[in-house]
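Engineer: In the numbering used here, the protein residues as written are -13 to 288. Structure in structure tokens, see below.
In structure tokens, the structure reads:
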């Protein structure tokens, strides 16, 4: 099993945690009758669905390139991130609706102390797993694991807000605090969901590498300009953990093919050393040929 396939163990961890957490949160709701705890439990239900989506995405992304997918299947992770973003937003909308209804018709809470203990335990479990997933996602540049970690963190924030709200209701007797805090947390969840959807869209639409990484690429290429070498049509994109770079290198027409080839080999080596893992494609052109400039744009016009 490759690296991406090995990451599925984190998805299984997320699924197992989500299942246990939702049971605890349902218990907290049944004990107290808090709309905040109910909304929290439903949001955790979305976590189970998102964890399953992440698992499927990682399994697909781990497939090697084939004839129909020459660049691999790593973009499947962006589909997962987008789906999780939509789920997060949907959960936030549902929470807001339920909170508004409870704001209009407040209800007293019961067994608050026991409910809070159960909810805190569930929140702690989510926090621990979210940090594990986030570190793994960043270390392996996995969009799916990172999205799942952010999803779990929204659940942590949701739970924290609900716990504070329920505790304040118990201390002050102000029943309206329960739904109000749930609404505030829903807004935070929407912001996280929109961020995930945007990240997914950028990946699916082949957004370029971050400016900092492109600057490092240009520094490598600029180093050779003293030898009469220029470049253009530098294009970058990313699919999951894999980066892709293509560039056209222009050299003096008097150079031998061997010399030009050795230059490209050196450039590709330096780029791989700087931005691994990366797939580098270079194209050699004589700088004196006007036609070599026609393909500076994405679509060449002869």
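Yeah, the Cβ is synthetic: ideal placement off N, Cα and C, and Gly gets one too.
#1: Judging by CA-CA distance, which residue of 231, 258 and 237 is the nearest neighbour of residue 276?
#2: Looking only at its chain, what residues have a beta carbon closer than 6 Å to the beta carbon of residue 130, apart from the 5 residues adjacent to it on each side?
#3: Using 8 Å as the Cβ pair cut-off and three pairs as the minimum, do the stretch 4 to 13 and the stretch 29 to 39 touch?
#4: Are the CB atoms of residue 142 and residue 178 within a distance shorter than 8 Å?
#5: Alpha carbons only, please: which of 222, 9 and 211 is nearest the one belonging to residue 101?
#6: Would you call residue 240 buried or exposed, if buried means 16 or more other Cβ atoms sit within 10 Å of its Cβ?
#7: Could you tell me the alpha carbon to alpha carbon distance between residue 48 and residue 149, rounded to whole angstroms?
#8: Among -1, 25 and -2, whose alpha-carbon lies nearest the alpha-carbon of residue 11?
#9: When DSSP labels each residue in this structure, what does residue 57 get in the three-state scheme?
#10: By Cβ distance below 7 Å, which residues in the same chain neighbour residue 270 in space, the five residues on each side in sequence not counted?
#11: Ignoring anything shorter than 3 residues, give me the beta strand (DSSP E) runs that lie fully in the stretch 213 to 280, in order along the chain.
#12: Between the beta-carbon of residue 68 and the beta-carbon of residue 145, is there less than 8 Å?
#13: Relative to the alpha-carbon of residue 255, which residue among 206, 228 and 15 has its alpha-carbon at the smallest distance?
#14: Return the chain-ordered ranges of every alpha helix (DSSP H) run that is complete within the stretch 61 to 149 and spans a minimum of 4 residues.
#15: Thinking residue 95 and residue 115 are a contact (beta carbons under 8 Å), I'd like their distance in whole angstroms, please.
#16: Measure the C-alpha to C-alpha separation of residue 132 and residue 120 and round it to an integer number of angstroms.
#17: Going by CA-CA distance only, name the one from 112, 147 and 228 that's closest to residue 134.
#18: Check whether the stretch 188 to 195 touches the stretch 212 to 228, counting contact only when three or more Cβ pairs, one atom from each stretch, lie closer than 8 Å.
#19: Could you check the C-alpha separation between residue 175 and residue 83 for me, to the nearest Å?
#20: Using beta-carbon positions only, say whether residue 77 and residue 17 come within less than 8 Å of one another.
#21: Distance check for residue 71 and residue 61, CA to CA, integer angstroms please.
#22: Let me know if residue 59 comes out buried or exposed under the rule of 16 or more other beta-carbons within 10 Å of its beta-carbon.
#23: Considering just the uninterrupted stretch of the alpha helix (DSSP H) at residue 14, what are its terminal residues?
#24: Would you call residue 56 buried or exposed, if buried means 16 or more other Cβ atoms sit within 10 Å of its Cβ?
#25: Using only the alpha-carbon positions, how far apart do residue 19 and residue 171 sit?
#26: Where do the ends of the alpha helix (DSSP H) carrying residue 197 lie?
#27: By Cβ distance, which residues of its chain are closer than 6 Å to residue 214, with the 5 residues on each side in sequence left out?
#28: Going by beta-carbon coordinates alone, are residue 154 and residue 163 separated by less than 8 Å?
Structural biologist: On the basis of the data shown:
#1: Relative to residue 276, the option among 231, 258 and 237 whose CA is nearest is 237.
#2: The beta carbon of residue 130 sits closer than 6 Å to those of 40, 43, 44, 63 and 66, all from its chain and outside the five residues before and after it, given in chain order.
#3: In this structure the stretch 4 to 13 touches the stretch 29 to 39; the number of beta carbon pairs closer than 8 Å is three or more.
#4: No, these two residues do not count as a Cβ contact at 8 Å.
#5: If you compare the alpha carbons of 222, 9 and 211 with that of residue 101, the shortest gap goes to 9.
#6: Residue burial is scored here from C-beta neighbours: residue 240 has fewer than 16 other C-beta atoms within 10 angstroms and is therefore classed as exposed.
#7: Their backbone Cα atoms lie some 39 Å apart in a straight line.
#8: Residue 11 has its Cα closest to that of 25, out of -1, 25 and -2.
#9: Coil, per DSSP.
#10: Here the set comprises 235, 237, 246 and 250.
#11: Counting whole runs of 3 or more residues, the stretch 213 to 280 contains the beta strand (DSSP E) stretches 216 to 225, 228 to 237 and 264 to 272.
#12: At least 8 Å separates the beta-carbon of residue 68 from that of residue 145.
#13: Restricting attention to 206, 228 and 15, the CA atom closest to the CA of residue 255 is found in 206.
#14: Correct list: 62 to 90 and 98 to 125.
#15: Rounded, the Cβ-Cβ distance is 28 Å, inconsistent with contact.
#16: Computed Cα separation, rounded: 5 Å.
#17: Comparing alpha-carbon positions, the option among 112, 147 and 228 lying closest to residue 134 turns out to be 112.
#18: Segments in contact, yes.
#19: Put simply, the backbone Cα of residue 175 is about 14 Å away from that of residue 83.
#20: With contacts defined by Cβ atoms closer than 8 Å, residue 77 and residue 17 do not form a contacting pair.
#21: Each residue's alpha carbon lies about 16 Å from the other.
#22: Residue environment: residue 59 is assigned as buried (16 or more neighbouring CB atoms within 10 Å of its CB, all protein chains considered).
#23: Element bounds for residue 14: -6 to 18.
#24: Counting C-beta atoms within 10 angstroms of its own C-beta, residue 56 has fewer than 16 neighbours from the protein chains shown and is therefore classed as exposed.
#25: Cα-Cα distance, rounded: 19 Å.
#26: First-last of the alpha helix (DSSP H) with residue 197: 197 to 208.
#27: Here residue 214 has 238 as same chain residues with Cβ atoms under 6 Å from its own Cβ, once five neighbours each way along the sequence are excluded.
#28: Yes, Cβ-Cβ distance for residue 154 and residue 163 is below 8 Å.
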